[in-house]
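Participant:
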Amino acid sequence: MDRIQLAPDLSFSRFIHGFWRAAEWKMSDQERLTFIEECREQGISTFDHADIYGSYTCESLFGEALRLQPTIRDQIEIVTKCGIVLPSSNRPNHTSHYYNTSYEHIIQSCETSLKNLHTDNIDVLLIHRPDLFMNPEEVAEAFTKLKREGKVRYFGVSNFKFHQFQLLQSYLDFDLVTNQIEISAYELENIHDGTLNFCQEKRIPPMAWSPLAGGKIFKGSDEKVCRLRMALEEVQGEINAHSIDEVLYAWLLSHSAKIMPIIGSGKIDRIKTAVQSLSYKLTPEQWYNIYTSSTGYDVP
428 MDRIQLAPDL SFSRFIHGFW RAAEWKMSDQ ERLTFIEECR EQGISTFDHA DIYGSYTCES
488 LFGEALRLQP TIRDQIEIVT KCGIVLPSSN RPNHTSHYYN TSYEHIIQSC ETSLKNLHTD
548 NIDVLLIHRP DLFMNPEEVA EAFTKLKREG KVRYFGVSNF KFHQFQLLQS YLDFDLVTNQ
608 IEISAYELEN IHDGTLNFCQ EKRIPPMAWS PLAGGKIFKG SDEKVCRLRM ALEEVQGEIN
668 AHSIDEVLYA WLLSHSAKIM PIIGSGKIDR IKTAVQSLSY KLTPEQWYNI YTSSTGYDVP
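Written as structure tokens, this is what we have:
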């Protein structure tokens, strides 16, 4: 599998595996370790987390698996996120849902993530959502402290628009290395509003969450889904793909922005299907046929 360079000494696997739903997989620690190793056998070495996933449990599930074979840590990249506060029985002091990017919250969240993941450092720490109440000086202070102490190697953001990215970057003495955003053939907002263009301008490879649009393309029946599914099936036949999910991944991979899709499945067969899409390259005509089927109108 090809790799995407984010910094001189940091690269991610082109596909990233996300542990958002890990608590639903009902795996033992050993089964989870085996699954991580199977992902690595497919060339996936980068794993995406957030402190809140699984009501604050998924980082620990991953960390307990790593404890069974600590040497794996040197062969993978760990991404995690902070900044969202959720009410949870696992956080009894949380009484409401809001965003918190204060210095204290970032530091505390990172320390907890390090403990949960059983690691000495995080490769990339992201601010999970744009915080309207954010004090960028505090975020920069927290990031600088964590970097200086060797607890976080690099930093990025998630779901930020270009102006929000620029704001935070202007307070930092080092570069943010990625923006994790929602992109799929169904969800085009970050293509239309210039967010993806900005990533290209700044040479920032974006991570793409929900690349299969949450499965609605396979199950939905509204007009947009039906148009898109028909176009995907047409391209599937043209490139001899095995399924339309391979086409959905190929649509992202064919773009020049070096998009890194996040796979959220706990089934290794689904991982293999995603990786298979690396063997396909869409033509501009095929890419635009899928795009216009999603928008519902022709290009000008």
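Using my numbering, you'd call the opening residue of the sequence shown number 428 and step up by one each time. We put the CB at the ideal spot given by N, CA and C, even for glycine.
(1) DSSP three-state call for P633: helix, strand or coil?
(2) Alpha carbon to alpha carbon, what distance is there between N667 and A677?
(3) Between which two residues does the beta strand (DSSP E) harbouring P688 extend?
(4) Anyone know if the C-beta pair for F446 and C485 falls short of 7 Å?
(5) Going by the CB atoms, is the gap between Y525 and A569 shorter than 7 Å?
(6) With DSSP run on the structure shown, which of helix, strand or coil describes G490?
(7) Per DSSP, what kind of secondary structure is K508 in: helix, strand or coil?
(8) What is the residue span of the beta strand (DSSP E) that I608 lies within?
(9) Measuring CB atoms only, is the region 652-667 touching the region 598-611, in the sense that at least three cross pairs come out at less than 8 Å?
(10) Verify whether the separation of the beta carbon atoms of S419 and G470 is less than 7 Å.
(11) Any contact of the region 685-702 with the region 575-591, i.e. 3+ C-beta pairs under 8 Å?
(12) How long is the line joining the alpha carbons of L615 and L679, rounded to whole angstroms?
(13) Which residue comes first and which comes last in the beta strand (DSSP E) that contains F582?
(14) F592 lies in the alpha helix (DSSP H); which residues open and close that run?
(15) If you pair each beta-carbon of the region 559-568 with each one of the region 586-598, do three or more pairs fall below 8 Å?
(16) Skipping 5 residues on each side, what residues in its chain have a beta carbon closer than 7 Å to that of F372?
(17) What is the DSSP secondary structure of R556, counted as helix, strand or coil?
(18) Helix, strand or coil: how does DSSP classify V726 here?
(19) Ends of the alpha helix (DSSP H) at D600?
(20) Specify the secondary structure class of G445 as computed by DSSP and reduced to three states.
(21) CB-CB under 6 Å to P557, same chain, minus the five flanking residues each way: which ones, in chain order?
(22) Taking just the CA atoms, how far does T507 sit from K699?
(23) L433 and P638: beta carbons closer than 7 Å?
(24) Under 7 Å, do R500 and T546 count as touching if we go by C-beta distance?
(25) Using three-state DSSP, classify Q469 as helix, strand or coil.
(26) Which whole-angstrom value describes the C-beta separation of H555 and S523, a residue pair presumed to lie in contact below a C-beta threshold of 8 Å?
(27) Are the CB atoms of F582 and L544 nearer to each other than 7 Å?
Facilitator: Inspection of the coordinates gives the following:
(1) Residue numbering aside, residue 633 sits at position 206 when the sequence shown is read from its first letter. Coil at P633, not helix or strand.
(2) Numbered from 1 along the sequence shown, position 250 holds the residue referred to as residue 677. Numbered from 1 along the sequence shown, position 240 holds the residue referred to as residue 667. A677 and N667: Cα-Cα distance of roughly 12 Å.
(3) Numbered from its first residue, the sequence shown carries residue 688 at position 261. Start and end: M687 to I690.
(4) Taking the first residue of the sequence shown as position 1, residue 446 is located at position 19. Taking the first residue of the sequence shown as position 1, residue 485 is located at position 58. Yes, Cβ-Cβ distance for F446 and C485 is below 7 Å.
(5) The residue given as residue 569 occupies position 142 in the sequence shown. The residue given as residue 525 occupies position 98 in the sequence shown. Contact: no.
(6) For this step, residue 490 is matched to residue 63 along the sequence shown. Here G490 sits in helix by DSSP.
(7) Along the sequence shown, read from residue 1 onward, the residue named residue 508 stands at position 81. Looking at K508 - three-state DSSP - the assignment turns out to be strand.
(8) As a first step, residue 608 is located in the sequence shown; it is residue number 181 there, counting from the start. Here the beta strand (DSSP E) through I608 covers N606 to E609.
(9) no
(10) This structure leaves residue 419 out entirely; the chain is present only between 428 and 727.
(11) no
(12) For the purposes of this step, residue 615 is taken as residue 188 along the sequence shown, with counting starting at 1. For the purposes of this step, residue 679 is taken as residue 252 along the sequence shown, with counting starting at 1. About 11 Å.
(13) Here residue 582 corresponds to residue number 155 of the sequence shown, with the count starting at 1. Note, F582: beta strand (DSSP E), V579 to S585.
(14) The sequence position of residue 592 within the sequence shown is 165, counting from 1. Counting along the chain, the alpha helix (DSSP H) containing F592 begins and ends at F589 to Q596.
(15) yes
(16) Summary: the structure shown does not reach residue 372, with the chain confined to residues 428 through 727, and so no result is reported for it.
(17) Within the sequence shown, numbered from 1, the residue matching residue 556 stands at position 129. Reduced to three states, the DSSP call for R556 is coil.
(18) As a working note, residue 726 is residue 299 in the sequence shown. Three-state result, V726: coil.
(19) Residue mapping note: residue 600 aligns to position 173 of the sequence shown, counting from 1. It is not in any alpha helix (DSSP H) - D600 carries neither H nor E in the DSSP assignment.
(20) As a working note, residue 445 is residue 18 in the sequence shown. Looking at G445 - three-state DSSP - the assignment turns out to be strand.
(21) For the purposes of this step, residue 557 is taken as the residue at position 130 of the sequence shown. Result list for P557: F587 and Q591, in chain order.
(22) Residue numbering aside, residue 699 sits at position 272 when the sequence shown is read from its first letter. Residue numbering aside, residue 507 sits at position 80 when the sequence shown is read from its first letter. Between K699 and T507, the C-alpha separation is close to 24 Å.
(23) Position 6 of the sequence shown holds residue 433. Position 211 of the sequence shown holds residue 638. No, the Cβ-Cβ distance between L433 and P638 is not below 7 Å.
(24) Within the sequence shown, residue 500 is the residue found at index 73, counting from 1. Within the sequence shown, residue 546 is the residue found at index 119, counting from 1. Going by C-beta atoms, R500 is nearer than 7 Å to T546.
(25) One-based indexing of the sequence shown puts residue 469 at position 42. Of the three classes helix, strand and coil, the one that applies to Q469 here is coil, per DSSP.
(26) In the sequence shown, the residue the question calls residue 555 occupies position 128. In the sequence shown, the residue the question calls residue 523 occupies position 96. Not a contact, Cβ separation roughly 16 Å.
(27) Taking the first residue of the sequence shown as position 1, residue 582 is located at position 155. Taking the first residue of the sequence shown as position 1, residue 544 is located at position 117. Cβ distance not < 7 Å, so F582 and L544 don't count as in contact.
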